Amino acid sequence: MQMIHCLTDSESFLSPDLARAVRETHLTGSSKLFILTSTKFWIKNKLPTTIQSDGLVRGVYCLDYQPDEPAGLGVVLLSYTWEDDAQKMLAMSDKKTRCQVLVDDLAAIHPVFASHLLPVEGDYERYVLHHDWLTDPHSAGAFKLNYPGEDIYSHRLFFQPMTANSPDKDTGLYLAGCSCSFAGGWIEGAVQTALNSACAVLRSTGGQLSKGNPLDCITASYRY
Numbered sequence: 001m002q003m004i005h006c007l008t009d010s011e012s013f014l015s016p017d018l019a020r021a022v023r024e025t026h027l028t029g030s031s032k033l034f035i036l037t038s039t040k041f042w043i044k045n046k047l048p049t050t051i052q053s054d055g056l057v058r059g060v061y062c063l064d065y066q067p068d069e070p071a072g073l074g075v076v077l078l079s080y081t082w083e084d085d086a087q088k089m090l091a092m093s094d095k096k097t098r099c100q101v102l103v104d105d106l107a108a109i110h111p112v113f114a115s116h117l118l119p120v121e122g123d124y125e126r127y128v129l130h131h132d133w134l135t136d137p138h139s140a141g142a143f144k145l146n147y148p149g150e151d152i153y154s155h156r157l158f159f160q161p162m163t164a165n166s167p168d169k170d171t172g173l174y175l176a177g178c179s180c181s182f183a184g185g186w187i188e189g190a191v192q193t194a195l196n197s198a199c200a201v202l203r204s205t206g207g208q209l210s211k212g213n214p215l216d217c218i219t220a221s222y223r224y
């Protein structure tokens, strides 16, 4: 929203303090790579369903989307990384290359598990999926993860819809999403701020809100 619409270029919608929070809120980098496997090999071979490594691969997770079909296809989240670890993945844009490098890395600690990591029919193009949030034009990051001292940004963003209570401050724009909450990366923060903003729209346009609505009940208990 900020990159495409440049909301902080003027004070038409956001105050200077809010504009700074939008510009400087830290969005974490993250990368994932999934493989669709022909079997749920970890069940048959009694292998671990999750592996945590200090190597390049980091987190490995076995996922079962067909629990009622033991002989069905399997899904392995071969690598789930954040921040510096995710940035390293950007150097391997080709997903087949990245997949093979990660399998080799995992083989150093669990060769038996790694030997099963082949996509269905050996088709890396169709059955391997990877995503890098730092290169996603619609997000420019995976989720908010505050640096020390940045909770004040969460405070400003979370309470921004309360401007609907003050006609002199109300611009008709209300921010929502987990990055505008105190719970970056979690659906709870997204839902809560969405409800706050929906109530702000109703109040700003002359609608009636029920007793106990967020705009009247949520107050800042801590002043940064």
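Numbering (UniProt numbering), first residue to last: 1 to 224. Even glycine gets a Cβ: it sits at the ideal position worked out from N, Cα and C. Predicted, not measured: the structure shown is a model, and the values here were computed from it.
Quick one: using the 10 Å Cβ neighbour count with 16 as the cut-off for buried, is residue 196 buried or exposed?
To locate residue 196, count along the sequence shown from 1; it is residue 196. Buried, because 16 or more other Cβ atoms sit within 10 Å of the Cβ of residue 196.
Near residue 26, what residues of its chain come up, given a Cβ to Cβ distance below 7 Å and the 5 sequence neighbours on each side ignored?
Taking the sequence shown and counting its residues from 1, the one referred to as residue 26 is at position 26. Closer than 7 Å at Cβ, skipping near neighbours: 144, 145, 146, 147, 150.
Below 8 Å, can you find three or more Cβ-Cβ pairs linking the region 113–126 to the region 37–46?
yes
Problem - C-alpha gap between residue 218 and residue 212, whole angstroms - result: Within the sequence shown, residue 218 is the residue found at index 218, counting from 1. Within the sequence shown, residue 212 is the residue found at index 212, counting from 1. Distance between the alpha carbons of residue 218 and residue 212: 9 Å.
Query raised in the report: Going by beta carbon distance, what residues of the same chain come within less than 7 Å of residue 156, once the five residues before and after it are set aside?
Result: Walking along the sequence shown from the start, residue 156 turns up at place 156. Excluding sequence neighbours, residue 156 sits near 17, 18, 21.
Notebook entry, point to check: In the DSSP assignment, what are the bridge partners of residue 52?
Noted result: Along the sequence shown, one-based indexing puts residue 52 at 52. BP columns for residue 52 point to 59.
Q.
Under 8 Å, with one C-beta from each stretch per pair, do the region 87–98 and the region 124–136 reach the 3-pair mark?
A. yes
Check your understanding: Who are the Cβ neighbours of residue 220 in its own chain at under 8 Å, not counting the five residues just before and after it?
Key -> Position 220 of the sequence shown, counted from the start, is the residue given in the question as residue 220. Cβ within range, chain order: 155, 159.
**Prompt:** Considering only the beta carbon of each residue, do residue 201 and residue 174 sit closer than 9 Å?
**Reply:** Sequence index remark: in the sequence shown, residue 201 carries index 201 (1-based). Sequence index remark: in the sequence shown, residue 174 carries index 174 (1-based). Yes, the Cβ-Cβ distance between residue 201 and residue 174 is below 9 Å.
Roughly how far, in whole angstroms, is the beta-carbon of residue 170 from the beta-carbon of residue 176, given that I think they are within contact range, below 8 Å? Counted from its first residue, the sequence shown places residue 170 at position 170. Counted from its first residue, the sequence shown places residue 176 at position 176. At roughly 16 Å, the Cβ-Cβ gap does not stay under 8 Å, so residue 170 and residue 176 are not in contact.
Could you check where the alpha helix (DSSP H) with residue 155 kicks off and where it finishes? One-based indexing of the sequence shown puts residue 155 at position 155. Where residue 155 is concerned, the enclosing alpha helix (DSSP H) stretches over 151–158.
Let me confirm a value: residue 161 is counted as buried when at least 16 other C-beta atoms fall within 10 Å, else exposed. Which label applies? One-based indexing of the sequence shown puts residue 161 at position 161. Looking at its Cβ environment, which holds 16 or more other Cβ atoms inside 10 Å, residue 161 is buried.
Are residue 181 and residue 188 close, meaning C-beta to C-beta below 9 Å? Within the sequence shown, the letter at position 181 stands for residue 181. Within the sequence shown, the letter at position 188 stands for residue 188. For residue 181 and residue 188, yes; Cβs fall inside 9 Å.
Cutting at 7 Å between CB atoms, please list the residues of its own chain near residue 214, excluding the five before and the five after it. Locating residue 214 in the sequence shown gives position 214, counting from the first residue. So the qualifying residues of the chain are 195, 196, 199.
* So what does DSSP say about residue 304, is it helix, strand or coil? -> Nothing in the structure corresponds to residue 304, since the chain is present only between 1 and 224.
> Looking at C-alpha atoms only, which residue of 186, 183, 134 is the closest neighbour of residue 29?
Replying inline: Walking along the sequence shown from the start, residue 29 turns up at place 29. Residue 134 is the option with its Cα nearest to residue 29.
Taking a contact to mean a Cβ-Cβ separation below 9 Å, would you say residue 120 touches residue 56 in this structure?
Taking the sequence shown and counting its residues from 1, one reaches residue 120 at position 120. Taking the sequence shown and counting its residues from 1, one reaches residue 56 at position 56. No, these two residues do not count as a Cβ contact at 9 Å.
Quiz item: residue 138 bridges to which residues according to DSSP?
Solution: To locate residue 138, count along the sequence shown from 1; it is residue 138. For residue 138, which the question treats as bridged, DSSP gives no partner whatsoever.
Using a threshold of 8 Å, is the CB atom of residue 163 nearer than that to any non-hydrogen atom of the ligand ZN?
-> In terms of ligand content, the structure shown is empty, and the ligand ZN therefore cannot be addressed.
Rounded C-alpha distance that separates residue 35 from residue 6: Looking up residue 35 in the sequence shown gives position 35. Looking up residue 6 in the sequence shown gives position 6. Looking at the two C-alpha atoms, the distance is approximately 37 Å.
Practice prompt. Can you grab the Cα-Cα spacing for the pair residue 106 / residue 52, in whole Å?
Written response: Position 106 of the sequence shown, counted from the start, is the residue given in the question as residue 106. Position 52 of the sequence shown, counted from the start, is the residue given in the question as residue 52. So the two alpha carbons sit approximately 10 Å from each other.
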